[in-house]
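Going by the numbering used here, the first residue of the sequence shown is number 38, and it counts up by one from there. C-beta: ideal position from N, C-alpha, C; glycine also. These figures come from a predicted structure and were not determined experimentally.
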Amino acid sequence: MNFRGFRHAPDWGSHRGRRFDASYLLELQCSPGAGQDLESELSREPADAVVVDFMLWGALASAERSGIATAAYVHTLYQVNREGGAGAIWDERDLAAVNQTRRAMGLVPIVTGGQLWDGVDLLLVLVPEAFDRSSNDLPDNVHYVGPVHDPLVVVSFSTTYMAQERVLHRVLTALAGLPVRGLITTGPSMDPTILVPPTNTVVRTKVDHRMVLPHAAVVVTHAGMGTVMAALTNGVPLLCMPMGRDQDANSAQVEACGAGRTISSDSTAEEVQIELREMLASRRYIGGAQRMADIIKAGADGSTVVPLLERLLTQAVAK
């Protein structure tokens with residue numbers, strides 16, 4: 038799986054400022070730019086089906102023209118947007134803009150936003166059906182799938198090389214047999230393509246921990262200090278598999294704080310899976326991890342370190 042940013046769709050430059058820009062959203066949703074990017078990707082790497090954000094009308098138009106099987110995902114209320122009016126993401130201006138794009142593609146103009154979504158093969162609504170407006174005449178392509186509840190397990194081993202691919206292969210095997218979502222970050226020291234993830238896991242070279250750890254249930258790690266502190270700052274329990282350096286000591290402190298468990302880095306995939314099952318089924322380590330998160334956040338304003346450094350400077354100058 039690869040990520041590629043928009044190339045033809047409008048860019049959110051710093052000149053737009055921080056405020057909501059309706060003209061930008063109109064161009065992003067309704068212009069042919071996102072559709073051109075979709076067509077470029079399909080030309081580069083043909084596919085049998087595509088999944089498109091339901092708000093990217095230009096991309097949906099390109100998918101319709103190509104005839105490819107299409108699913109659209111709805112990340113807000115479906116009924117409100119199908120019917121139009123107050124709270125809907127479209128109005129007459131949007132219809133005019135998207136119909137200009139559709140005419141240029143040789144497609145029939147639409148009369149309502151709902152008409153566009155009625156035409157896709159699958160419409161996957163991510164909010165619970167009970168939260169949406171009730172309806173007795175849902176189109177056959179609409180499915181309320183709800184949010185994903187499988188817990189997220191983040192796997193992060195050393196930034197530097199410690200022959201960690203052997204451990205990662207076993208962790209991947211363990212994740213394959215669990216009802217979880219797995220995310221493995223390899224760091225720059227190893228090639229992520231040597232890992233073959235199961236269907237419930239993705240492998241990335243680098244991911245900002247601040248973006249994913251607030252959503253994680255467990256972190257599996259070699260117990261380097263950076264990863265340990267990142268996990269504990271977010272109150273996430275750790276399964277430590279130390280491989281040397283300071284990692285045995287760090288792992289011991291994780292256990293002493295009641296924030297996780299330690300197993301050998303030589304543990305089998307089955308042993309890793311057993312440990313993860315127990316940690317995911319129990320709230321035993323959440324309290325310890327959260328206590329450490331509270332302590333870390335309480336001391337994160339520099340209120341102690343700055344006076345100490347200032348005192349050192351004052352003493353040095355006075356000598």
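Between the segment 83 to 98 and the segment 62 to 71 there are three or more C-beta pairs closer than 8 Å, enough to call the two in contact. Residue pairing from DSSP places residue 297 in a beta bridge opposite 275. Classified as exposed, residue 85 has fewer than 16 neighbouring CB atoms from the shown chains inside 10 Å of its CB. Around the beta carbon of residue 310, 16 or more other beta carbons lie within 10 angstroms, which makes this residue buried. Under the three-pair Cβ rule at 8 Å, the segment 258 to 273 counts as touching the segment 328 to 347. Beta-bridge partners assigned by DSSP to residue 220: 191, 239. In this structure, residue 193 keeps its C-beta atom at 8 Å or more from the C-beta atom of residue 230.
Using a 10 angstroms sphere on the CB of residue 263, the tally of other CB atoms stays under 16, which defines it as exposed. A residue is called buried when at least 16 other Cβ atoms come within 10 angstroms of its Cβ; residue 286 does not meet this threshold and is exposed. Taking the CA atoms as reference points, residue 177 sits about 14 Å from residue 115. In this structure, DSSP gives residue 181 an extended state, which the three-state scheme calls strand. By the 16-neighbour rule on beta-carbons within 10 angstroms, residue 350 is exposed. Excluding its 5 nearest sequence neighbours in each direction, residue 160 has C-beta neighbours in its own chain below 6 Å: 109, 154, 178, 179, listed in chain order. Per the Cβ contact rule, the segment 309 to 324 is not in contact with the segment 243 to 251 (fewer than 3 Cβ pairs under 8 Å). Look at residue 110 here: in three-state DSSP terms it is strand. Taking the Cβ atoms as the reference, residue 324 lies roughly 7 Å from residue 295, within the contact range of under 8 Å. By the neighbour-count criterion, in which 16 or more other beta carbons inside 10 Å mark a residue as buried, residue 332 falls on the exposed side.
When 169, 237, 210, 79 are compared, the shortest CA-CA separation from residue 305 is found for 210. Looking at the backbone, the Cα of residue 259 and that of residue 195 are separated by about 7 Å. Taken through DSSP and simplified to helix, strand or coil, residue 267 comes out as helix. About 22 Å separates the beta carbons of residue 277 and residue 242, which is beyond the 8 Å limit, so they are not a contact pair. In the three-state reduction of the DSSP assignment, residue 196 falls in the coil class.
With respect to the 8 Å criterion, residue 157 and residue 107 are classified as neighbours on the basis of their beta carbons.
If you compare the alpha carbons of 175, 119, 163 with that of residue 148, the shortest gap goes to 119.
Residue 352 and residue 340 have their alpha carbons spaced roughly 19 Å apart. Cβ neighbours of residue 291 within its own chain (closer than 6 Å, five residues either side excluded): 275, 277, 297.
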